[in-house]
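Here is the structure we will look at, set down as structure tokens.
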Amino acid sequence: MTEIAYPQTLSPLSRAEILEKMHHRLDDERFNHCVRVETTARVLAGRFGVDIDRAGLAGLLHDYAKQISVKDYQNLIQTQGLDPELLNYGRGIWHGLVGVWFIQRELGVSDPEVLQAIVRHTTGDPAMTALDQIIFVADFIEPARDLPGEIAAREAAEHDLLEATLIELTNTLTYLIDNRKVVYPKTLATYNALIKR
Ligand SMILES: [Fe+2]
Ligand SMILES: [Fe+2]
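Position 176, counted from 1, in the sequence shown is what our numbering calls 198; the numbers after and before it change by one each time, with no gaps.
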């Protein structure tokens, strides 16, 4: 197998340097999940005609900021003029939306499509592109996932990216409502937009 390498235009750091930085931010379990999402995203990108390196890099970095402390996030939201409404949510929401702040500064990644896919992987977006959907789905169907909804989405993703995205959205919303958890409004808007596509 040839080593994965990312062009300078997407990442000023080499993949080995990125992995090194990821080890400082993530425990081994989360780190390994990110590498599996990278591989899965590259396969999906090849299948659905999306730029493989953009998908791979976004997959690799999608959870880069997942383990940054709540305090650091709260400070950032308050000092960088971000929407104070964000303080009502937690790291589950922040690590995409706000997490790209760390990815830009610590890794120097600035490609707008890569950053957008990372932003959107936690909440979805009514205007999700194919790349956005690939990262969203890759996160859900990487090989370690084995719940029934995850298996159904993996099967759908063999041929239909939108169907896989909808299976994931339906699962996530059902889970949130069954467990009386708050639904981020954009996630519901994403579901409404995608069932009409
Ligand atoms: Fe995530
Ligand atoms: Fe993830």
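All C-beta atoms in this analysis are idealised placements derived from N, C-alpha and C, irrespective of residue type, glycine included.
Keep in mind the model is a prediction, meaning the values are calculated, not measured.
Candidates the options, of which the one nearest residue i by Cα
i, options, result
"L82", "Y111, I99, I156", "I156"
"H143", "T209, D49, L216", "T209"
"L108", "P207, A215, I217", "P207"
"D182", "A152, D49, A139", "A152"
"Q25", "P34, V57, R47, M44", "Residue identity check: residue 25 is Glu in the sequence provided, not Gln. Residue V57 is the option with its Cα nearest to E25."
"R219", "D73, R113, K203, L188", "L188"
"L216", "G118, N201, E185, N110", "E185"
"I90", "G121, Q30, A27", "G121"
"K93", "G78, Y111, L79, R76", "Y111"
"H55", "R167, G114, E177", "R167"
"F158", "L41, T62, D200, P29", "T62"
"I74", "Y95, Y28, D105", "Y28"
"P34", "E51, F70, L129", "L129"
Integer-rounded CB distance, given that residue j should sit under 8 Å from residue i
i, j, result
"V65", "H84", "About 15 Å separates the two Cβ atoms, so there is no contact after all."
"P147", "D154", "Rather than Pro, the amino acid found at residue 147 in this sequence is Asp. So it is a contact: roughly 7 Å between Cβ atoms."
"A87", "F124", "5 Å"
"G118", "T145", "7 Å"
"A67", "V136", "Not confirmed; about 12 Å, so no contact."
"E164", "A175", "Not confirmed; about 11 Å, so no contact."
Which residues have their C-beta within less than 7 Å of a heavy atom of ligand 1, listed in chain order? H84, D85, K88, H117, G118, H143, T144, D161
Is the number of C-beta pairs between the stretch 156-175 and the stretch 187-198 that are closer than 8 Å three or more? With a cut-off of 8 Å, the stretch 187-198 and the stretch 156-175 count as touching, because enough Cβ pairs lie within range.
Could you say if the stretch 134-141 and the stretch 38-49 meet the contact criterion of at least three C-beta pairs nearer than 8 Å? no
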